[in-house]
Amino acid sequence: MNKFIIVLVISFLYSCKKQIKNKNTVGNNIKTVVVEEATIPIEKFIKFKEFYDSIPNIALPFSNENMSKYIVFENYDMHDNISTKTDLVYGKLPKHISDNNKFISNSKRISYKSTEKSDYLVGNYFYPVNKFRKDSIYLIVFLYQDFEDIMPAVKTQLNSYNKNGKVLDTLVLDNKFHFELIYKNNFVIEDDFSISITEHIINYYDDLDNLMPKSSLPRIDKKTYSYHINNYGNFEKSK
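In terms of my numbering, the sequence shown is numbered consecutively and its last residue is 1176.
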């Protein structure tokens, strides 16, 4: 009996040693699979796949023009002091499912209202509106209502994921809001997965902070940023 137990123990130790050796010598892909299988429940993979499959596909190139039907962004008249209006068109947005929050943000809390007439609430609410893929990288375009200080804003954000729904990286493509200045972006995601974002800051004030005459054209400052999506799902600035 004792000899039998000793044989079992030796066999077990040899098996463990063999597994450790395989993990250290076979390569990073095997390591990654072992780690993911050990830490990510299959249920999360299934739920993420169901969530991802429910989102409409988009064809690249894709730009801010594709999002205009979901956004109200009326020009703010500085001279007539007309109230700013920056909002989402809730009737055209996909129905929000709160269980999917874990696939969007673990911690960010934003301002939200469930219908056009309801009050703003504090919550973790995003609207997934489009998706596309780069090999094994899953990408989702979101819209959400937010505030810049006290001014309402609408943001367009791109998230990248692995197959289990883990967020790999995030990139704000557009941030529309009015204050004393008007902020908005033009962006395009090309079919080679390069991303160009042009930030517009529209200014109706002169160098002395005086409101310019109504007939004057505003000053527009533009900055363009370029990114690409690498094989790890990160949004890297292009050189």
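We treat Cβ as the ideally placed atom computed from N, Cα and C, and that holds for glycine.
Pairwise C-alpha distance: Asp-1024 and Phe-1069: 25 angstroms
Distance between Leu-1145 and Asn-1112 (C-alpha atoms, nearest Å): 27 angstroms
Local conformation of Leu-1123 per DSSP, three classes: One detail in the question is off: residue 1123 reads as Asn in this sequence, not Leu. In this structure, Asn-1123 counts as strand in the three-state DSSP scheme.
Range covered by the beta strand (DSSP E) that runs through Ala-1090: 1088 to 1098
Residue nearest to Ser-991 in terms of C-alpha spacing, selected from Asn-1003, Leu-997, Asn-1067, Gly-1028: Asn-1067
Per-residue burial, Asn-1122 [other beta carbons within 10 Å of its own, 16 or more giving buried]: buried
Cβ shell of Glu-1127 (< 8 angstroms), same chain only, five flanking positions each side left out: Leu-997, Pro-998, Ser-1133
7 angstroms Cβ cutoff met for Ile-1119 and Ile-1139: yes
Separation of Asn-994 from Phe-1063, as counted between CA atoms: 17 angstroms
Presumed contact (8 angstroms Cβ cut-off) between Leu-1105 and Asn-1171, rounded CB distance: 7 angstroms
Exposure label - Leu-1080; buried when at least 16 CB within 10 Å: Buried: at least 16 other Cβ atoms inside 10 Å.
DSSP state of Glu-1085 mapped onto helix, strand, coil: strand
Buried or exposed by the 16-neighbour rule on C-beta atoms within 10 Å, applied to Val-1091: buried
Sheet register partners of Glu-1011 (DSSP bridge): Lys-1022
Candidates Gly-1028, Pro-1155, Lys-1022, Ile-1074: closest to Leu-1204 by CA position: Examination of residue 1204 is not possible in this model, given that the chain is present from 938 through 1176 alone.
Tyr-1064 - DSSP class collapsed to helix/strand/coil: Residue state, collapsed to three classes: strand.
Burial state of Leu-1154, where buried means 16 or more other Cβ atoms lie within 10 Å: exposed
Inter-residue Cα distance where the pair is Glu-980 and Tyr-1027: 30 angstroms
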